[in-house]
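Visitor: Residues in the sequence shown are numbered from 108 upward in steps of one, following the numbering used here.
Even for Gly, the Cβ is constructed at its ideal location relative to N, Cα and C.
This is the structure I want to talk about, given as structure tokens.
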Amino acid sequence: MSGHRTAVWLRRVAPGARIAARSNSVLGLVYSAKAGLGLAALPTAIGDAEADLERVLGPIDELTRIWRVLVAPDRRHTPRVAAFFDFVVDEIDALRPIITGSDSRPA
Numbered sequence: 108m109s110g111h112r113t114a115v116w117l118r119r120v121a122p123g124a125r126i127a128a129r130s131n132s133v134l135g136l137v138y139s140a141k142a143g144l145g146l147a148a149l150p151t152a153i154g155d156a157e158a159d160l161e162r163v164l165g166p167i168d169e170l171t172r173i174w175r176v177l178v179a180p181d182r183r184h185t186p187r188v189a190a191f192f193d194f195v196v197d198e199i200d201a202l203r204p205i206i207t208g209s210d211s212r213p214a
């Protein structure tokens, strides 16, 4: 995982930092942060959902992801897939702060 973009970012911004724990899962990072081992780069929606964690940085551009919802063309108009897409279109403005971390909790 040393080549993962989070590890690369961490080495760049804190080259002399002592690594207190390593994990290959987000849940492991959540538990490590909750145990007081230090900072953890978490997806904003996950970190913000944990009341006993405090966001100390805003969203980090280098760690931001672009999400796409894809479907096979022949399935696009099936009732349940169409209903899902309709839901996403109707709710995207409400979901955006949760997905992007904007306006959910101040940095």
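Since residue 113 and residue 142 are thought to touch, with beta carbons under 8 Å apart, how far apart are those beta carbons, to the nearest angstrom?
Guide: Within the sequence shown, numbered from 1, the residue matching residue 113 stands at position 6. Within the sequence shown, numbered from 1, the residue matching residue 142 stands at position 35. 19 Å between Cβ atoms; not a contact.
Visitor: My parser needs the alpha helix (DSSP H) runs of 4 or more residues fully inside the region 148-203; what are they?
Guide: Whole alpha helix (DSSP H) segments, 4+ residues: 151-155.
Visitor: Pull up the CB-CB distance for residue 206 and residue 152, whole angstroms please, since I reckon it's below 8 Å.
Guide: Within the sequence shown, numbered from 1, the residue matching residue 206 stands at position 99. Within the sequence shown, numbered from 1, the residue matching residue 152 stands at position 45. Right, their Cβ atoms sit about 6 Å apart.
Visitor: What does the alpha-carbon distance come out to for the pair residue 196 and residue 190?
Guide: Taking the sequence shown and counting its residues from 1, one reaches residue 196 at position 89. Taking the sequence shown and counting its residues from 1, one reaches residue 190 at position 83. Cα-Cα distance, rounded: 10 Å.
Visitor: In angstroms with no decimal places, state the Cα-to-Cα distance between residue 117 and residue 128.
Guide: By one-based count along the sequence shown, residue 117 stands at place 10. By one-based count along the sequence shown, residue 128 stands at place 21. Rounded to whole angstroms, residue 117 to residue 128 spans 13 Å at the Cα level.
Visitor: Looking only at its own chain, which residues have a Cβ that is under 7 Å from the Cβ of residue 211, when we skip the five neighbours before and after it?
Guide: The residue given as residue 211 occupies position 104 in the sequence shown. With a pLDDT of 49 at residue 211, under the threshold of 50, the modelled position of this residue cannot be trusted; read the value that follows with caution. Same-chain partners within the cutoff: 151, 155, 204 and 205.
Visitor: Please classify residue 201 as buried or exposed, where buried requires at least 16 other C-beta atoms within 10 Å of its C-beta.
Guide: Looking up residue 201 in the sequence shown gives position 94. It is exposed - the Cβ of residue 201 has fewer than 16 other Cβ atoms within 10 Å.
Visitor: How about residue 136 and residue 163: do their beta carbons lie closer than 8 Å?
Guide: In the sequence shown, residue 136 corresponds to position 29, counting from 1. In the sequence shown, residue 163 corresponds to position 56, counting from 1. No. Outside cutoff.
Visitor: Distance, Cα to Cα, residue 159 vs residue 166?
Guide: Residue 159 sits at position 52 when you count from the first residue of the sequence shown. Residue 166 sits at position 59 when you count from the first residue of the sequence shown. Roughly 19 Å between the two C-alpha positions.
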